[in-house]
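A.B. asks: Quick one: structure below, then a few questions.
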Amino acid sequence: MSDKPLRGVRVLDLSRLLPGPFCTLLLADLGAEVVKVEDVQGGDYIRSMGPTIGGQSAYFLALNAGKKSVALNLKSPAGLGLFMRMASRADIVVEGFRPGTADRLGIGYQAVKTANPRIVYCSISGYGQDGPERDRAGHDLNYIARAGILGLCGRPGGAPAIPPVQIADLSSAMFAALGITAALRESERTGEGRYLDIGMMDSALAWMVMPVAEYAAGERGGRGRLPLTGKHPCYNVYRTKDGHDICLAALESKFWEAFCRSMGREDLLPLQFSERPEDLAAVEALFAGRTRDEWAQFLKGTDFCCEVVPNLSEVLISPQAKHRGLVRDIRSGDQANILLGHPLRECGANEPAACPGHGEHTAEALGELGVTDRELAELEAAGIVRGRSR
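Position 214, counted from 1, in the sequence shown is what the numbering used here calls 235; the numbers after and before it change by one each time, with no gaps.
See below:
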């Protein structure tokens with residue numbers, strides 16, 4: 022699709038690991054030209070993290086399809102100069118350093134703005150660029166703990182359950198992508214850029230909208246005892262006769278009534294929002310009366326928000342996921358790989374694209390700046406850039 026909404030937009034991505042790269046992956050899927058600016062040694066840390074597919078990190082492959090890679094030594098004056106020349110021609114810069122690092126390197130917002138007043142510059146960090154904990158180290162687990170999410174995950178009386186999805190990392194990436202597209206619209210209209218300060222803890226806390234609303238209304242149930250975390254029979258996870266999981270989400274009265282009547286258990290109608298353990302046990306016993314397959318067959322003819330909980334293998338071959346283009350089978354080297362599609366398929370966001378080698382596009386990018394083959398070779402010999410010579 023040639024008319025993707027961000028076609029012609031250039032992004033310089035200084036970030037590593039998950040938050041920044043997922044943000045720029047969203048932008049790349051929508052047509053932006055994303056250039057990863059990596060150091061000349063190992064590049065993005067995630068390149069060396071297992072598991073691997075075709076000799077490459079599965080994580081890197083998942084996060085960097087359709088991007089380019091330029092390797093620069095930003096600590097050298099020459100490398101810094103090259104970056105600033107690239108920034109003068111870019112629309113967006115994304116960085117994920119700890120607060121103050123980009124400024125110390127000479128690539129912070131004020132420096133880039135001097136070279137390019139219309140730049141949209143986004144910093145993604147753990148706790149944001151200011152506040153008493155801006156310099157505190159952390160990863161996703163720390164941020165969701167501080168945001169109150171981790172303390173509410175799991176069953177009553179048990180330890181917090183670590184989510185398998187990096188909520189703070191991914192929520193900050195999505196807030197960053199949203200902020201960038203809004204700021205880009207403003208920059209195009211006014212000619213003035215904007216600085217965006219995205220905190221991972223901030224982003225995770227912003228997703229606590231329902232628990233905080235419950236707290237404001239007086240709910241103090243805690244882990245596994247809030248209205249949407251297992252407090253009521255109508256919205257819970259149960260076990261089948263053969264030990265598999267099944268989830269019920271009959272919040273509306275019409276769905277709860279349909280559930281009870283389908284089961285032939287109209288005596289359960291008054292128990293939808295019960296908080297008594299014995300009432301929850303009655304529904305548990307009902308689900309324990311059939312096997313997983315029996316429930317799966319039975320649910321085909323029902324309409325009360327109930328699903329057998331599939332494993333990941335089943336999710337990836339789901340006819341619905343396949344139909345919606347959410348699972349793409351590709352090749353990475355000589356091995357099969359799986360990439361997730363983009364929900365914005367109407368924008369042409371699901372076209373497959375390759376991942377870049379470390380410094381694969383250095384020569385191309387510097388060539389656009391007028392760097393000659395001889396100059397490129399000298400820069401490589403001096404350790405200022407890394408790439409494939411033209």
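Glycine included, each C-beta is placed from N, C-alpha and C at the ideal position.
Return the chain-ordered list of same chain residues with a C-beta closer than 8 Å to the C-beta of Arg260, the five sequence neighbours on each side being excluded.
C.D. replies: Asp266, Ile267, Glu305, Phe308 and Ala309
A.B. asks: So what's Tyr259 in DSSP terms, helix, strand or just coil?
C.D. replies: strand
A.B. asks: Given that a residue counts as buried once 16 or more other Cβ atoms are within 10 Å of its Cβ, and exposed if not, what is Ala198?
C.D. replies: buried
A.B. asks: How about Ala270: is its Cβ closer than 7 Å to a heavy atom in the ligand HEM?
C.D. replies: As presented, the structure is devoid of all ligands, the ligand HEM included, so that no description of it is given.
A.B. asks: Kindly list the residues whose CB is nearer than 8 Å to the CB of Gly117, restricted to its own chain and excluding five residues on each side of it in sequence; keep chain order.
C.D. replies: Leu35, Ser36, Arg37, Leu38, Pro40, Gly41, Ser144, Ile145 and Ser146
A.B. asks: Using only the alpha-carbon positions, how far apart do Ala342 and Arg176 sit?
C.D. replies: 29 Å
A.B. asks: Let me confirm a value: Asp151 is counted as buried when at least 16 other C-beta atoms fall within 10 Å, else exposed. Which label applies?
C.D. replies: exposed
A.B. asks: Alpha carbon to alpha carbon, what distance is there between Phe325 and Lys275?
C.D. replies: 8 Å
A.B. asks: Using 10 angstroms around the beta-carbon of Gln62, count the other beta-carbons present and answer buried if the total reaches 16, otherwise exposed.
C.D. replies: exposed
A.B. asks: Does the segment 205-222 come into contact with the segment 158-177, if we say contact requires no fewer than three beta-carbon pairs (one atom in each stretch) closer than 8 Å?
C.D. replies: yes
A.B. asks: In angstroms with no decimal places, state the Cα-to-Cα distance between Ala271 and His160.
C.D. replies: Using only the alpha carbons, I get a separation of about 35 Å.
A.B. asks: In terms of alpha-carbon separation, which member of Thr122, Met107 and Leu247 lies closest to Gly391?
C.D. replies: With distances taken between Cα atoms, Gly391 lies closest to Met107.
A.B. asks: Whole angstroms are fine: how far does the CA of Gly214 sit from the CA of Ala386?
C.D. replies: 23 Å
A.B. asks: Please list the segments of the beta strand (DSSP E) lying wholly inside the segment 206-267, counting only runs of 3 or more residues, in order along the chain.
C.D. replies: If we require 3 residues or more, the beta strand (DSSP E) runs fully inside the segment 206-267 come out as 215-220 and 256-260.
A.B. asks: Beta-carbon within less than 6 Å of Arg411's beta-carbon, same chain only, minus the 5 sequence neighbours each way: which residues are those?
C.D. replies: Note on Arg411: pLDDT 37, under 50, position unreliable in the model; the coordinate value appears next. Here the set comprises Ala384 and Asp394.
A.B. asks: Within 10 Å of its beta-carbon, does Asn94 have 16 or more other beta-carbons around it, so buried, or fewer, so exposed?
C.D. replies: buried
A.B. asks: Over what stretch of residues does the alpha helix (DSSP H) that includes Val392 continue unbroken?
C.D. replies: First-last for Val392: undefined, no H or E at that position.
A.B. asks: Please state if the CB of Gly64 and the CB of Lys25 are separated by a distance shorter than 8 Å.
C.D. replies: no
A.B. asks: Mind checking which residues open and close the alpha helix (DSSP H) that includes Lys275?
C.D. replies: Ser274 to Ser283
A.B. asks: Give me whichever residues DSSP pairs with Asn358 in a beta bridge.
C.D. replies: Asn358 is bridged to Ile351.
A.B. asks: Suppose you measure from the CA of Gln187 to the CA of Glu209; what does that come to, to the nearest Å?
C.D. replies: 33 Å
A.B. asks: Helix or strand or just coil, what does DSSP make of Tyr66?
C.D. replies: Shown here, Tyr66 sits in a helix according to DSSP, grouped into three states.
A.B. asks: Is Arg125 helix, strand or coil by DSSP?
C.D. replies: It is helical.
A.B. asks: Could you check where the alpha helix (DSSP H) with Ile165 kicks off and where it finishes?
C.D. replies: Its alpha helix (DSSP H) spans residues Asp161 to Arg167.
A.B. asks: Taking 8 Å as the cut-off, decide whether the C-beta atoms of Val56 and Val115 are in contact.
C.D. replies: Between Val56 and Val115, the C-beta gap is not smaller than 8 Å, which leaves the two residues out of contact.
A.B. asks: Helix, strand or coil for Leu171 per DSSP?
C.D. replies: helix
A.B. asks: Taking the straight line between their C-alpha atoms, what separation do you get for Ala182 and Leu173?
C.D. replies: Taking the straight line joining both Cα atoms gives about 9 Å.
A.B. asks: Assuming Cys327 is part of the beta strand (DSSP E), what are its boundary residues?
C.D. replies: Cys327 to Val329
A.B. asks: Tell me the DSSP secondary structure of Glu116 in three-state form.
C.D. replies: strand
A.B. asks: In the DSSP output, what is Lys89 paired with across the bridge?
C.D. replies: Val56
A.B. asks: Please list, in chain order, all residues of the same chain as Glu54 whose beta carbon is under 6 Å from its beta carbon, the five residues on each side excluded.
C.D. replies: Arg31
A.B. asks: In terms of residue numbering, what span does the alpha helix (DSSP H) encompassing Cys44 cover?
C.D. replies: Pro40 to Asp50
A.B. asks: Between the alpha carbons of Ala237 and Ala79, how many angstroms are there, rounded?
C.D. replies: 42 Å
A.B. asks: Provide the residue(s) that pair with Ser97 in DSSP beta bridges, ordered along the chain.
C.D. replies: DSSP, once it has assigned bridges, lists no residue as partnering Ser97.
A.B. asks: I need the straight-line Cα distance from Phe81 to Ile201, nearest angstrom please.
C.D. replies: 23 Å
A.B. asks: Hey, how far is the Cα of Arg352 from the Cα of Gln77?
C.D. replies: 12 Å
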